[in-house]
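S.K.: Here the UniProt record's numbering is used: the sequence shown runs in plain steps of one and ends on residue 499. Sharing a structure, written as structure tokens. Questions coming.
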Amino acid sequence: MSDMNLAQWQYRQAQLTLPTQAFIDGSYRDAVHGATFECINPANGQLLANVAACDAADAELAVKAARAAFNDRRWAGQSPKERKLVLQRFAELMRLHRVELALLESLDMGKPISDAMGYDAPAAANCIAWNGEAIDKLYDEVAPVEEGALALVTREPLGVVAAIVPWNFPLVMACWKLGPALATGNSVILKPSEKSPLTALRIAGIAKEAGIPDGVFNVLPGFGHTVGEALAMHMDVDCITFTGSTRVGKHLVECSGKSNLKRAFMECGGKSPNIILADAPDLDAAAKSAAAAIFYNQGEVCTAASRLLVQNSIKSDFIERLLVHAREWVAADPQDPATRIGAMVDGIQMEQVLRYIEIGKQEGARLLLGGERTREESGGFYIAPTIFDEVTPQMRLFREEIFGPVLAITGFDTLEEAIALGNDTDYGLAAAIWTADLNKAIKGSRALRAGTVFVNNWDGGDMTMPFGGFKQSGNGRDKSLHALEKYTELKSTWIQLES
Ligand code: NAD
């Protein structure tokens, strides 16, 4: 962790040069049509930079460069060991630039600088290194066939991969795609969110410095309906790998079907249940974790534990403990290292969350904490951590992803009821169950329809664990060795031997 104080961070900010141009075929350049969009600091509403607004013409250039790089095998043709060394260098340079990357991330999307330094920047570098280190340790297969043949099952890179990512963890989400796609030898075109393009643009230059050949890693900042759509519909893009909302994920699957049936992997939204049973080993630890699980990153987390399901016999006691911990999450200046909850990514997201808070009140849920905008005088977009009790499964608070610091509490009596409530959702990204009873923990974790189930914790896991969803939370998995499978095709080669 850095031990810089607020004044030192502000000094570092004043020294920053913000990356604003697209990165295509190894060099930074303006958008073909010269357009730009405004990148706003959500902590104070002020303009940070005007960034290149790419469109279909830029997508065309990037796809051509990526395809040429793939076809002449300047990257795919390098041995796994060579690619590993480049990716390790890339990760090392990211670590070297950690302060700059953390600062860009915090300025761009409002997250606390301590989180950006403590998690985002190092986790992104670690992901690149982890995938690089894995790639020269994987073997292909020889199939168990008759003696007169040799049958090989091998993996090959897909070709040109377009990665479209969201704004809540811009760098980490980008690296969850980049790491395995580059390690397996693909060329990548990254489209960051128009709300948070800065770190993606910065790491393009770092990747080049590390030795990623020109054309192999391109970055196109711009809007979803322009450059994003052009990539999704492009006939020469082999894979679209996406993290974002379920609404856009569904649309991108359609784009795949309407164009060239490109591989389409979608990591989408969630409405994750956090189940607290009366016999949880440490109710105070569970309450502290429940607060962090919804307020960390301003609640802008796909796995946010936005539905708290508490056994009725301990509900009022648990809520008291929860409120104590929740009050420690006070929205403040993201650049202050003491801040735990920063600004919402922009005014649009803030308004959307405030609308949900109004809906909650109108639906009859009981407001226990927060429920309003704060720090308005800063010019930024802050929301006070908010908790509603008496939320029923019919309410929109229970059903819809809010993507903000808003917690919905619902009571239950039995484990069976808790599991039914937990699974009563279109999503299936994460879930948790807190109990000291091993049988309940296993029964519960088996019955919960979610890609990740936490037992007596929230958000455990590292690069070794797959990450992704059941149901409308998506398909495919990021992280772990399974992520590498997404970016390769299986090839069967049957070699007939002379008798
Ligand atoms: P979003 O779906 O609005 O945008 C995501 C990306 O898609 C952006 O880069 C956007 O520009 C692009 N896009 C939008 N329309 C497009 C189109 N027509 N064609 C191509 N690209 C298009 O999501 P968001 O608001 O940036 O992020 C929040 C969402 O991301 C939440 O639903 C959250 O749960 C989800 N998320 C999921 C995970 C996960 O791993 N499952 C992780 C983080 C965030």
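Backbone N, C-alpha and C fix where the C-beta goes; we use that ideal spot for every residue, glycine too.
1. From which residue to which residue does the beta strand (DSSP E) around residue 155 run?
2. Quick check: is any heavy atom of ligand 1 less than 6 Å from the C-beta of residue 248?
3. According to DSSP, is residue 362 helix, strand or coil?
4. When burial is assigned at 16 or more other CB atoms within 10 Å of the CB, is residue 249 buried or exposed?
5. Below 8 Å on the Cβ atoms is my contact criterion, and I expect residue 84 with residue 135 to pass it. Report the Cβ-Cβ distance as a whole number of Å.
6. Please determine, among 213, 260 and 271, the residue with the shortest C-alpha to C-alpha distance to residue 68.
7. Would residue 70 pass as a contact of residue 187 if the rule is Cβ separation under 7 Å?
8. Nearer than 6 Å: is that true of the beta carbon of residue 378 relative to any heavy atom of ligand 2?
9. Looking at ligand 1, does it come within less than 6 Å of residue 164, judged from the CB to the closest heavy atom?
10. Between 157, 221 and 90, which has its C-alpha nearest residue 22's C-alpha?
11. Would the beta-carbon of residue 128 fall within 7 Å of that of residue 87?
12. Given a cut-off of 7 Å on the beta-carbon distance, is the pair residue 397 and residue 360 in contact?
13. Can you tell me where the beta strand (DSSP E) with residue 46 in it begins and where it stops?
14. Would you kindly work out how many angstroms separate the C-alpha atoms of residue 461 and residue 33, rounded to a whole number?
15. So, are the CB atoms of residue 494 and residue 345 less than 7 Å apart?
16. Quick test of the definition: if touching needs 3 or more C-beta pairs under 8 Å, does the stretch 377 to 389 touch the stretch 317 to 337?
17. Using the C-alpha atoms, what's the distance from residue 280 back to residue 408?
18. Would you decide whether residue 11 is buried or exposed? Buried here means 16 or more other CB atoms lie within 10 Å of its CB.
19. For residue 240, count neighbouring Cβ atoms within 10 angstroms of its own Cβ and tell me buried if that reaches 16, exposed if not.
20. Among residues of its own chain, excluding the 5 on either side of residue 35, which ones have a beta-carbon nearer than 6 Å to its beta-carbon?
21. Would you give the residue range spanned by the alpha helix (DSSP H) that residue 86 belongs to?
22. Kindly indicate which three-state DSSP category residue 411 falls into: helix, strand or coil?
23. If you run the structure through DSSP and keep just helix, strand and coil, what is residue 394?
24. Output needed for residue 332: all residues of its chain with C-beta closer than 6 Å, excluding positions within five of it in sequence on either side, in chain order.
25. For residue 447, which of helix, strand or coil comes out of DSSP?
26. What first and last residue would you give for the alpha helix (DSSP H) that runs through residue 302?
27. If we ignore side chains and look at the alpha-carbon of each, how far apart do residue 480 and residue 172 end up?
28. For ligand 1, is there any heavy atom lying closer than 6 Å to the beta carbon of residue 372?
29. Closest to residue 539 by C-alpha separation, out of 17, 219 and 183, would be which residue?
30. Using the three-state DSSP reduction, which class does residue 22 fall into: helix, strand or coil?
31. Pick helix, strand or coil for residue 73, following the three-state DSSP scheme.
32. At a cut of 8 Å, does the stretch 424 to 431 reach the stretch 459 to 473 through at least three beta carbon pairs?
33. With 16 other CB atoms within 10 Å as the buried threshold, where does residue 362 fall?
34. What runs of the alpha helix (DSSP H), each 4 residues or longer, lie entirely inside the stretch 176 to 251?
35. Quick check: the Cα distance between residue 447 and residue 191, rounded to an integer number of angstroms?
36. Residues in its own chain within less than 6 Å of residue 458 by CB, not counting five upstream and five downstream?
M.R.: Taking the coordinates as given:
1. 149 to 157
2. yes
3. helix
4. buried
5. 6 Å
6. 213
7. yes
8. In the structure shown, ligand 2 is absent; the only ligands present are ligand 1.
9. yes
10. 221
11. yes
12. yes
13. 46 to 52
14. 43 Å
15. no
16. yes
17. 20 Å
18. exposed
19. buried
20. 53
21. 80 to 96
22. strand
23. coil
24. 339
25. helix
26. Neither: residue 302 is in no alpha helix (DSSP H) and is coded neither H nor E.
27. 14 Å
28. no
29. Because the chain spans 1 through 499 in this model, residue 539 falls outside it and cannot be assessed.
30. strand
31. coil
32. yes
33. exposed
34. 198 to 210 and 229 to 233
35. 37 Å
36. 289, 293, 305 and 432
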